[in-house]
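Participant: Following this message is one structure expressed as structure tokens.
Numbering (my numbering), first residue to last: -15 to 49.
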């Protein structure tokens, strides 16, 4: 599992995604969970983008277990 971000004009969203090979042998990925936007997570965690990214990576690691 890994963390991906999606940036729009007004916000940045964080997702946990899983990469896998489908039945046709092609590499693809699936969104497992939306963690939230940078503004929401910064407010909730009381940290900046680097802190949010560290938290998101830990969430992805726990999701893998």
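Where a beta carbon is used, it is the ideal one built from N, C-alpha and C, also for glycine.
Could you give the residue range of the alpha helix (DSSP H) that holds residue 35?
Facilitator: On the chain shown, residue 35 is found 51 positions in, with the first residue counted as 1. Start and end: 33 to 48.
Participant: How far does the beta strand (DSSP E) with residue 27 in it extend, from its first residue to its last?
Facilitator: Residue 27 sits at position 43 when you count from the first residue of the chain shown. Careful: residue 27 lies outside any beta strand (DSSP E), inside the alpha helix (DSSP H) at 22 to 29.
Participant: Taking 7 Å as the threshold (C-beta atoms), are residue 15 and residue 1 in contact?
Facilitator: For the purposes of this step, residue 1 is identified with residue 17 of the chain shown, where counting begins at 1. For the purposes of this step, residue 15 is identified with residue 31 of the chain shown, where counting begins at 1. In this structure, residue 15 lies closer than 7 Å to residue 1 by Cβ.
Participant: So for residue -7, helix, strand or coil by DSSP?
Facilitator: Within the chain shown, numbered from 1, the residue matching residue -7 stands at position 9. It is coil, neither helix nor strand.
Participant: Identify, in the order they occur along the chain, each residue of the same chain with its Cβ nearer than 6 Å to the Cβ of residue 17, setting aside the five sequence neighbours on each side.
Facilitator: Locating residue 17 in the chain shown gives position 33, counting from the first residue. Cβ neighbours of residue 17 beyond the five flanking positions: 0.
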